[in-house]
Every structure is written in C-alpha cells, then in structure tokens.
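Residue numbers (my numbering), protein chains in the order written: chain A, 343 to 669; chain B, 92 to 416. Ideal Cβ placement from N, Cα and C applies to all residues, glycine included. On a predicted model such as this, the values are computed, not experimentally measured, just so you know. Okay, so here's the structure we're looking at.
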C-alpha cells in the first residue's frame, strides 16, 4: 500500500516533467527529425528570453504577488539600449548598465507600491505596465530600432565554441535564481512570506523588505530577458514584449509555481514549464499544424497542467489527512 | 455607534458622502470636465463632443457592467476581450450566411453564456484559479477567432446590425442608451435581488457564505455568465460600429475594463463596489482619452498619463484604507 502511494506521489509531483517527456517522445516518433541535437538546441534557444522572464516572475509569484509590468520593462530596457547606442553613440556596456539601473527603479517602484502602499500587486503592476509602455514609447518614439551588429550578433555566437550565448545566459540566470532561492536566507524568506504572511512576520521576517527584493529581482530579470530577446531578433518594434507577461506567468504556473504563493521552484519547475511551452510550439510547426490552431493547443496544455496541479494538491491534502489520522 | 448618537442626521449624511468612493470619483470626473471646458471652451463641452465621449465610453462600460459581477465575487475575468471578439465574429459569420440578424445576435449572446458557464464551472467545480482559467479561455478563443476568420475581417453586415453601434434614438446614440440601460439593470440586480446580495457574500467570505446557506458555486457560475454576456453585447457594439468583425477586436479590453472598475472603487479583493462606480470609471478614462486629443497631447504621452491616473486612483484608495486602520 505504502509503495503504491509513494509511486502515485512521485508521479503527481513530477507532472510537468512527465508531460514534457511524453510530448517529446510522441512528436519524435511522428517526426524523426524532431530527435536531433539541432532541434533540442532550438527549443532551448527560443526558450531563453521567456525562460529568464519566467524565472524572474517566479520570485514575485512565490510571494503570492504578480507582475504584469515585465513586458513594458523589457521594451523600455531594450529600447533604451537601442536608442542610446544607435542614436547617441553611447558605448554598449554603458547603455546596458543604464538599462539595468532603469529596471531596478521600476522594480523598486513596484515593490514600494505593493509593500508600503499596500496596493494589490495586480493593480499596481498593471498601472506600471501602462505607464512604462508610455515612457518606453517616449524613448523610442514608437519607431522600430535596429541594434548594432556587435550586439544583435551575440545570438549566434557560441560560448567556448559550444553553447550559444542566449542559452548560456538562460542557464546563468537559472543558476543564480536557484542558488538564491535554496541557499540564502533571503531566498528562503520569500517562501515563508508567500506561505503565511502572518507567521513570517511573527518569525521576525521583514516582509516589506522581502517584497521589495522580489519585485526588484523580477524587473532586473525582465531587463535581462529584453536584452536576450534583442540578441535574437536584432530589431525592437513598438509592440515588443506586449502580452508576454502572460506567457511568463503561464510558464511558471505550468512548472508548478502556485499563484497563491509559497510553492514552486525555478529548477526544474519554471524551466520545464518554459521548455514545454516552447517545445509544443516548435513541435506543432514540425507536424505542420495550422499556425492559428497552435495558440489554442498551447492554451489547452497550460490548462490541463494547471488542472492536474490542483488535482495533485487535493490528493496530497487527502494523503496528509490520512497520515494524521493514523498517528 | 457613538457617531450615531452624537451627530445629527444631516452631518452623518455629509460625512458618509465624504467617505464614499463614488462621490470622490464623480468629483474627479467633474473636475476633469471643468478643466477641459475652461481650456478648450469651443470644442470640449459641445453636444457633439459629449456624445462622442459617451459613445467612446460605451464599449468599455458595457464590459465593466459584466466584469463587475466577477470582480465582486473576488475573481477576475481576463477572457472578456476574446469573448467579445469571438461572439461578434460568430454573429457576423451568421449574418453573412443569410441568417436573420436577430437570430444571429441571439446565437452570439447564447454562445457567450455557454463560455461564461464553462469558465465559471472550471473556477468553482474544478478549482482552477480564475486568473488561469480565464487566461486559458482568452488564449483559446483568440485562437478560435483566428482559425474561423483566417485572420481576415468579416465585413458589410447590413443596416439592421449597424443600428446597434451607429443608430440614434431621438438625438441620443443607441450605444449610449445601451450603456446606461445596462448599468441600471446591473445596479438593480446587485442591489435588489437575492443573487446580487449573494455575490457580495461570496466575495466577502466564501466559507461564511457557504455556511449560511448561499449556493456559492451556483452564484459564481452565474457571475461568469453575466460577465461573458455583457462582453458579448460590447462585442456586438464594437463590430456594428465599424461594420465588420475584425480578428483583433477586443484585444486588451480586459485591462481597460479592470482599470475602469478599479478607478470606480470596485475592489479586486472582492465583496466591495458597485457598477455605478464602474460606469464613472469608464467615463473618466473616455474623458481622459478625449481630452488628450483635444489638448493636442502627443500620442506617446497618452499611455503615461493613463498609467498615472490608474496609479493615482488606486494609491488614493489604498492610503484611505491605511489611514482608517
């Protein structure tokens, strides 16, 4: 009985990974070209900017909040780098530093609105989304901006002749986030605040401080995501990053991060969620499915995964209850 | 309690008025109108422009009417824009295949009820968070729209259908009448029907509502159905006004509606707010858009100003709450 329960538990705890493997194998059987190193690399490459965005989003989701402003932050930071380097002749490194500083300020503003002014995260970040898109449009005057080759060419450069730069950056940010969440006091405190705010306060955790850190990290990661996206597209249009916050949230939730806060991991969770969404989109291209149907299928997959997740939680709760009764 | 004994009735009414969010938003709207009238005396406060503003507000306000139901239960409905686009597309396709206009509209509205039922059922029975449910519904139906329309608008829908968005009754544009009518109906439902009171109970505390005999799942599902229905009506107005159902119709409408609702004092946490506030919120956004055009504000500033106004509204509300504590 116990082993059966354990098996069930292991299966339930790894729903995203299982869906990922099943989908990968089935598509591979239908279309052998899918099983190539090139394809795996493509999946990772197209996941790189959404992955970094989703990892940043995970910090905020873990506190029980949400950040709708990331798409605008992406646009603002990428636009700033574009305008400064192409039109004002700034060196690239300085433009990048300025973009990160800018995202830091946005994150701080989000954090202050949520932590100090006690606004609902959805509202505060929604207002920031509209506001920052406006500021970004002011910066770029809504013109498409082409970045210098030195920067946009990075997308096809391989680090040590092996890993493409966008993938390396994704892994780098993943590593930082995973270490921060698992092995630092502040990271653990994010979980505590998300799990039970009152208990966290009583345990002496400075809640406002943790919220600030989460929102700042989310914005900074969004800035990085914007720059990574630019290395692949090479061009920034006025709609850059619009609606991408929903993709990031979906990826995180698909990977098992709870919208209620306190539950979830960046590795494997958020990473698998992102890869799964991107893999499905690429697989549907391989299988020559109508482009318009693709978005329907992606939505349904997100939905099924979240449904399984809530199903899993209810079973886990039942098991726990049984356990308590036995004791 | 003390307040009641010591203060005379009149003073109590004044202090209640002062504290009510609606009065504040009406005051803000009034102030904006006043400023615009002073700075653009010849163009802003004219009959033509006033009807223009009202007509611009009507689509957003109709969506707000519906989304208010869901917001009061403490949920959120991101699918309104897609539902508006989808159902108006269905109606347009039906009209193009020579179905009677009224039956076609009925078909669109009926489908919206079905979608609302689906969202509500998923939220309440399967316990998927409203944000995710309606996000999935939003993406799915935007996809369905693309598949059905092939990315092409469906145009030339005839005069009968055109009346919804462009017609007049007397001198008043029909969508404006629709907007006020919808607001009144929703205000009545929320205040004077059992279902309306139950919505507040569910939004205030689901557990308590359930224990005191409110059929919470039934109430929640009905809320999502109303939300989809009004979104669909808004979609009809949208399609009728430009005489075509476009694939991107209603894209992003959910955030505009939520912004209007929140400016009007409807709490995203649930259990608080009413639809009159939502109407005023929608009017504020419309006046803002109109005013910025009249004042020749460069188009790039539009978003900045809009964002600041939303921020201001929520910050003022939140500061109030902090002060009360």
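Between which two residues does the alpha helix (DSSP H) holding residue i run?
i, result
"residue 408(A)", "That residue, residue 408(A), is in no alpha helix (DSSP H); it is neither H nor E in DSSP."
"residue 115(B)", "112 to 130"
"residue 631(A)", "Unbroken run through residue 631(A): none, as it is neither H nor E."
"residue 167(B)", "Residue 167(B) -> no alpha helix (DSSP H), and no H or E assigned at all."
"residue 371(A)", "357 to 372"
"residue 267(B)", "265 to 283"
"residue 519(A)", "507 to 525"
"residue 460(A)", "Premise fails: residue 460(A) is in no alpha helix (DSSP H) and is neither H nor E."
"residue 607(A)", "That residue, residue 607(A), is in no alpha helix (DSSP H); it is neither H nor E in DSSP."
"residue 393(B)", "390 to 415"
"residue 372(B)", "366 to 385"
Compare the C-beta of residue i against all C-beta atoms of chain A and say whether one is closer than 8 Å.
i, result
"residue 244(B)", "no"
"residue 210(B)", "no"
"residue 237(B)", "yes"
"residue 353(B)", "yes"
"residue 174(B)", "no"
"residue 363(B)", "no"
"residue 331(B)", "no"
"residue 339(B)", "no"
"residue 101(B)", "no"
"residue 59(B)", "Outside the displayed span of chain B (92 to 416) sits residue 59(B), for which this structure offers no information."
"residue 202(B)", "no"
Find the residues of chain B that neighbour residue i, judging by a C-beta separation of less than 7 Å, and give them in chain order.
i, result
"residue 641(A)", "227, 230, 231 and 234"
"residue 648(A)", "219 and 223"
"residue 635(A)", "234 and 238"
"residue 457(A)", "Correct list: empty, because the minimum Cβ distance to chain B is about 12 Å."
"residue 465(A)", "353, 359 and 405"
For residue i, which beta-bridge partners are listed by DSSP?
i, result
"residue 577(A)", "488(A)"
"residue 220(B)", "Answer is none; residue 220(B) lacks a bridge partner."
"residue 335(B)", "246(B)"
"residue 501(A)", "505(A)"
Taking 8 Å as the threshold (beta carbon to beta carbon), is residue i in contact with chain B?
i, result
"residue 494(A)", "no"
"residue 357(A)", "no"
"residue 539(A)", "no"
"residue 450(A)", "no"
"residue 432(A)", "no"
"residue 353(A)", "no"
"residue 420(A)", "no"
"residue 473(A)", "yes"
"residue 644(A)", "yes"
"residue 390(A)", "no"
"residue 652(A)", "yes"
Return helix, strand or coil for residue i, following the three-state DSSP convention.
i, result
"residue 245(B)", "strand"
"residue 260(B)", "strand"
"residue 233(B)", "helix"
"residue 586(A)", "helix"
"residue 539(A)", "helix"
"residue 307(B)", "helix"
"residue 190(B)", "coil"
"residue 599(A)", "coil"
"residue 99(B)", "coil"
"residue 357(B)", "coil"
"residue 660(A)", "helix"
"residue 295(B)", "helix"
"residue 342(B)", "coil"
"residue 363(B)", "coil"
"residue 175(B)", "helix"
"residue 325(B)", "helix"
"residue 431(A)", "coil"
For residue i, which residues in chain B fall below 9 Å Cβ to Cβ?
i, result
"residue 588(A)", "169, 226, 229 and 230"
"residue 479(A)", "390, 391, 392, 393, 394 and 395"
What does residue i reach in chain B if we use C-beta pairs closer than 8 Å?
i, result
"residue 476(A)", "391, 392, 393, 394, 395, 396, 397 and 398"
"residue 595(A)", "223"
"residue 483(A)", "391"
"residue 632(A)", "238"
Given that residue i touches chain A, what residues does it touch there, using C-beta distances under 8 Å?
i, result
"residue 360(B)", "462"
"residue 255(B)", "Those within 8 Å of residue 255(B) in chain A number zero; the least Cβ separation is about 28 Å."
Who are the neighbours of residue i on chain A, taking C-beta pairs under 7 Å?
i, result
"residue 413(B)", "460"
"residue 409(B)", "459, 460 and 461"
"residue 275(B)", "Those do not exist, as residue 275(B) stays about 27 Å from chain A at its closest Cβ, beyond 7 Å."
"residue 346(B)", "468"
Applying a beta-carbon distance threshold of less than 9 Å, which residues of chain A neighbour residue i?
i, result
"residue 401(B)", "465, 468, 469, 472 and 473"
"residue 379(B)", "Those do not exist, as residue 379(B) stays about 12 Å from chain A at its closest Cβ, beyond 9 Å."
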